[in-house]
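Chemist: Heads up, our numbering is the position in the sequence shown plus 1380, with the first residue counted as 1.
Take this structure, written in C-alpha cells, and hold onto it; I'll ask about it next.
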Amino acid sequence: MVKVNGNYLKLKAGYLFPEIGRRVKAFSSANPEAQLIRLGIGDVTEPLPQACRDAMKSAIDEMGTAEGFHGYGPEQGYGWLREAIARDDFQARGCEISAEEIFVSDGSKCDSSNILDILGSGNRIAVTDPVYPVYVDSNVMAGRTGESGDDGRYGGLTYLPISADNGFAAQIPSEPVDLIYLCYPNNPTGAVATKAQLKAWVDYARANKALILFDAAYEAFIQDPELPHSIYEIEGARDCAIEFRSFSKNAGFTGTRCALTVVPKGLKGKADDGSEVELWGLWNRRQSTKFNGVSYIIQRGAEAVYSDAGQQEVKALVSFYMENAAIIRRELSAAGIEVHGGQHAPYVWLKTPSGMDSWSFFDHLLQKANVVGTPGSGFGAAGEGYFRLSAFNSRSNVDEAMARIRNL
Ligand SMILES: *Cc1c(COP(=O)(O)O)cnc(C)c1O
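Here it is in C-alpha cells:
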C-alpha cells in the first residue's frame, strides 16, 4: 500500500479553529436567537478597492483580444509589478531592493511554508510563542521537528516567549539557532518591533550566519513613522533576511490572492560540502519548477495598489480598521481590561480578566456577550491568559460588541 508522509501524523490536529467552531455551534444550537458577533478570524471584511477592480476589469477585457491575451507569465511575476513593488515599498523607504529580488506569488501563507523547500533539514529553528501557526506546522510537515509534547510544543524547535513581561519583544535565545521566524507587526499579539529591536536580530543573524524569515504582512498598519516597515530598513539585513509581504490585509486581497517574497541577491546559505550557495538562485529554481505565476488579471489588480487612487483607498481601508482597533482598545480599557497591540496592527491582545484562562474567557464572552474571539493559548503555551480580538469587522459590529462587553 502507498505510504503517507508520517510527519503529517505528528501535527496536533488543527485544534484551535475547529474547537472554536464546535463551541460556537453548540452555543448557537442551544441559543438560536443569539446574534453572534465574530471578532475571531483574521480576515478582512471591507470591499476591494475600486482602483484594483477597475484594473482587473480592464485586464479581463484585454484578455479577450488577440493582442492583449496573456498565457503563462513569468514565474517570478510581471516586470511592471516587480518594479512598482521595489520602487514604492522598498526604495522609497531607503531599502536597496531591486525588482529582480521580488518574487510575486499567490500568498504569504504558501511562501512562508514553501521556503522550507530550499532550506536544509539540520537547521535549528526559532519561533515566537505565541506564533502564527503556519510557521510551526509547515516545519512539522517538512519533518524539521520532533513530536509534540503535552504542552503542545514540538521537540527540536526553540520557542521564544513573547508576553507583557518582555514587552512582547522576541528575545535572542541563549542557544544557537540558524533560522528565525519574526512577524512584525505581530499576529496574534498586535505588537510591533522598533528599529533597535530588529537591529539586534540582524546583528545576531549576521554574527551567527543565521537566516531571518521576516513576515511583514501587516506593515501597512504601522502608524508611527519612526517604526520600520521592512527588515531591509536595518543595515546588513540584505545579508541575513528574506521578507514576506502580502496584498491580503492592506488591499483586501485575502480572497483575490497576491503576495510577494524578497530574496536579496548575495544572501547565502551553506551546502553540505561547506560551500556557500545563493538563496536567490534556489528560490528562483523552486518557483520556476513548482509554480506558474499569478494570473495576469490579479497582478494588474495588485499593480493598481500603487496608483494614486489605489494608495488613497488602501490608506482609507487601513484607517477604517485602525479606528475599529482604537474603539476596541478604548472600550476594553474602560471596562477595566488590560489591552496590548491594536496601535500598529489590526489585532488587540487582551489580558483575560480575573485570572481566567483563555478558553474560560472565550466561553464567558460567547455566553454572556455573544461575541466570538480567539483564545491566546491556541497560538502557543505563552498565549495562555491572553485573548485576541480582530479589528476586521464593520463599525456597527465593533460598536455593538463593545457595548455588550461594557455591559457585562
Ligand atoms: C494574513 C497573514 C498573512 C497573509 O497571508 P496570505 O496567504 O498572503 O493571505 C501572512 N502572515 C500572517 C502572519 C498573516 O496573519
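We treat Cβ as the ideally placed atom computed from N, Cα and C, and that holds for glycine.
Just so you know, these numbers come straight off a predicted model, no measurement behind them.
1. Here's a check: name, in chain order, each residue in its chain whose Cβ is nearer than 7 Å to the Cβ of Ser-1687, leaving out the five neighbours to either side.
2. Cutting at 7 Å between CB atoms, please list the residues of its own chain near Lys-1489, excluding the five before and the five after it.
3. For Cys-1490, verify whether its CB is less than 7 Å away from any heavy atom of ligand 1.
4. Going straight from the alpha carbon of Ala-1762 to that of Gly-1532, what length do you get?
5. What three-state label does DSSP hand Val-1751 in the structure shown?
6. By DSSP's criteria, Pro-1541 is part of a beta bridge. Which residues make up the other side?
7. Tyr-1452 to Asp-1434, Cα distance in whole Å?
8. Going by C-alpha to C-alpha distance, which of Asp-1743, Pro-1427, Trp-1581 and Ala-1522 sits closest to Gly-1635?
9. Any heavy atom of ligand 1 within a distance shorter than 7 Å of the CB on Tyr-1564?
10. For the beta strand (DSSP E) that contains Cys-1728, what are its first and last residues?
11. DSSP three-state label for Gly-1758, please.
12. Less than 8 Å between the beta carbons of Asn-1387 and Ala-1479, yes or no?
13. What does a CB cutoff of less than 6 Å around Ser-1628 pick up in its chain, not counting 5 residues either side in sequence?
14. Is the segment 1691-1707 close to the segment 1762-1778, with three or more CB pairs under 8 Å?
15. For Cys-1563, which three-state DSSP category applies?
16. Taking 8 Å as the threshold (C-beta atoms), are Ile-1614 and Ala-1571 in contact?
17. Give me the Cα-Cα distance between Gly-1756 and Pro-1553, rounded to the nearest whole angstrom.
18. May I ask you to list the residues that DSSP assigns as paired with Ser-1485?
19. Have a look at Glu-1606, Ala-1550 and Trp-1460 and flag the residue whose alpha-carbon is nearest the alpha-carbon of Lys-1575.
20. Comparing C-alpha positions only, which one of Lys-1390, Ala-1684, Ile-1785 and Met-1381 sits nearest to Asp-1530?
21. Under DSSP, the alpha helix (DSSP H) around Glu-1711 begins and ends at which residues?
22. Tell me the rounded alpha-carbon separation between Leu-1562 and Ala-1783.
23. In terms of DSSP beta bridges, what is Gly-1721 paired with?
24. Quick check on the burial criterion: 16 or more other C-beta atoms within 10 angstroms. Buried or exposed for Gly-1758?
25. What residue range does the beta strand (DSSP E) around Phe-1470 cover?
26. Restricting to runs no shorter than 3 residues, where is the beta strand (DSSP E) found entirely within the segment 1588-1627?
27. Pick helix, strand or coil for Glu-1658, following the three-state DSSP scheme.
28. What's the call for Gly-1401, buried or exposed, on a 16-neighbour Cβ count within 10 Å?
29. The beta strand (DSSP E) spanning Phe-1767 covers which residue range?
30. What did DSSP end up calling Tyr-1534 once you bin it into helix, strand or coil?
31. Three Cβ pairs or more, each shorter than 8 Å: is that satisfied between the segment 1402-1419 and the segment 1637-1645?
32. Which whole-angstrom value is the C-beta distance of Arg-1618 and Glu-1476, which I expect to be below 8 Å?
33. Restricting to Cα atoms, I'd like to know which of Tyr-1584, Asn-1664 and Gln-1415 is closest to Glu-1555.
34. Taking a contact to mean a Cβ-Cβ separation below 8 Å, would you say Val-1698 touches Ser-1485 in this structure?
35. Would Gly-1760 and Asn-1567 qualify as a contact pair, given that the criterion is a beta-carbon distance under 8 Å?
Modeler: In brief:
1. Here the question's residue 1687 lines up with position 307 in the sequence shown. Excluding positions up to five away in sequence, the list reads Ala-1431.
2. In the sequence shown, the residue the question calls residue 1489 occupies position 109. Result list for Lys-1489: Val-1514, in chain order.
3. Looking up residue 1490 in the sequence shown gives position 110. Checking the Cβ of Cys-1490 against ligand 1 gives yes.
4. To locate residue 1762, count along the sequence shown from 1; it is residue 382. To locate residue 1532, count along the sequence shown from 1; it is residue 152. Going by C-alpha positions, Ala-1762 is about 11 Å away from Gly-1532.
5. Start at 1 with the first residue of the sequence shown, and residue 1751 comes out as number 371. Val-1751 falls in the strand class under three-state DSSP.
6. Numbered from 1 along the sequence shown, position 161 holds the residue referred to as residue 1541. Partner(s): Asp-1509.
7. Numbered from 1 along the sequence shown, position 72 holds the residue referred to as residue 1452. Numbered from 1 along the sequence shown, position 54 holds the residue referred to as residue 1434. In a straight line, the C-alpha of Tyr-1452 is about 22 Å away from that of Asp-1434.
8. Residue 1635 sits at position 255 when you count from the first residue of the sequence shown. With distances taken between Cα atoms, Gly-1635 lies closest to Pro-1427.
9. Position 184 of the sequence shown holds residue 1564. No, the beta carbon of Tyr-1564 sits no closer than 7 Å to any heavy atom of ligand 1.
10. Residue 1728 sits at position 348 when you count from the first residue of the sequence shown. Rather than Cys, the amino acid found at residue 1728 in this sequence is Val. Looking at the DSSP string, the run of the beta strand (DSSP E) that includes Val-1728 is 1727-1731.
11. Taking the sequence shown and counting its residues from 1, one reaches residue 1758 at position 378. Residue state, collapsed to three classes: helix.
12. If you number the sequence shown from 1, residue 1387 lands on position 7. If you number the sequence shown from 1, residue 1479 lands on position 99. No, these two residues do not count as a Cβ contact at 8 Å.
13. As a position in the sequence shown, residue 1628 is number 248, starting the count at 1. Closer than 6 Å at the Cβ level, and outside the excluded window around Ser-1628, lie Thr-1634.
14. yes
15. Within the sequence shown, residue 1563 is the residue found at index 183, counting from 1. Cys-1563 falls in the strand class under three-state DSSP.
16. The sequence position of residue 1571 within the sequence shown is 191, counting from 1. The sequence position of residue 1614 within the sequence shown is 234, counting from 1. Pairing Ala-1571 with Ile-1614 gives a Cβ-Cβ distance that is not under 8 Å.
17. Numbered from 1 along the sequence shown, position 376 holds the residue referred to as residue 1756. Numbered from 1 along the sequence shown, position 173 holds the residue referred to as residue 1553. Cα to Cα, the separation comes out at about 22 Å.
18. Translated into the one-based positions of the sequence shown, residue 1485 becomes position 105. Under the DSSP definition of a beta bridge, Ser-1485 partners with Ala-1639.
19. One-based indexing of the sequence shown puts residue 1575 at position 195. If we check each option's Cα against that of Lys-1575, Glu-1606 comes out closest.
20. Translated into positions along the sequence shown, residue 1530 becomes position 150. Closest option to Asp-1530, Cα to Cα, is Lys-1390.
21. If you number the sequence shown from 1, residue 1711 lands on position 331. Segment 1688-1714, the alpha helix (DSSP H) holding Glu-1711.
22. The residue labelled residue 1562 in the question sits at position 182 within the sequence shown. The residue labelled residue 1783 in the question sits at position 403 within the sequence shown. Straight-line Cα distance between these residues: approximately 35 Å.
23. Indexing the sequence shown from 1 puts residue 1721 at position 341. Gly-1721 is bridged to Val-1728.
24. Taking the first residue of the sequence shown as 1, we reach residue 1758 at position 378. A residue is called buried once 16 or more other Cβ atoms fall within 10 Å of its Cβ, and Gly-1758 is buried on that count.
25. The residue given as residue 1470 occupies position 90 in the sequence shown. No beta strand (DSSP E) contains Phe-1470, which DSSP labels as neither H nor E.
26. 1591-1595 and 1621-1626
27. Within the sequence shown, residue 1658 is the residue found at index 278, counting from 1. In the structure shown, Glu-1658 sits in a strand (DSSP, three-state: E or B).
28. Translated into the one-based positions of the sequence shown, residue 1401 becomes position 21. Burial call: exposed.
29. In the sequence shown, residue 1767 corresponds to position 387, counting from 1. For Phe-1767, the enclosing beta strand (DSSP E) begins and ends at 1766-1770.
30. Within the sequence shown, numbered from 1, the residue matching residue 1534 stands at position 154. Note: Tyr-1534 maps to strand in three-state DSSP.
31. no
32. On the sequence shown, residue 1618 is found 238 positions in, with the first residue counted as 1. On the sequence shown, residue 1476 is found 96 positions in, with the first residue counted as 1. Their Cβ separation, rounded to whole angstroms, is 7 Å, which keeps Arg-1618 and Glu-1476 in contact under 8 Å.
33. By one-based count along the sequence shown, residue 1555 stands at place 175. Taking Glu-1555 as reference, the option from Tyr-1584, Asn-1664 and Gln-1415 with the minimal CA-CA separation is Tyr-1584.
34. For the purposes of this step, residue 1698 is identified with residue 318 of the sequence shown, where counting begins at 1. For the purposes of this step, residue 1485 is identified with residue 105 of the sequence shown, where counting begins at 1. It is not a contact, given that the beta carbons lie outside the stated cut-off.
35. Along the sequence shown, one-based indexing puts residue 1760 at 380. Along the sequence shown, one-based indexing puts residue 1567 at 187. No; because the gap between Cβ atoms is not below 8 Å, this pair is not in contact.
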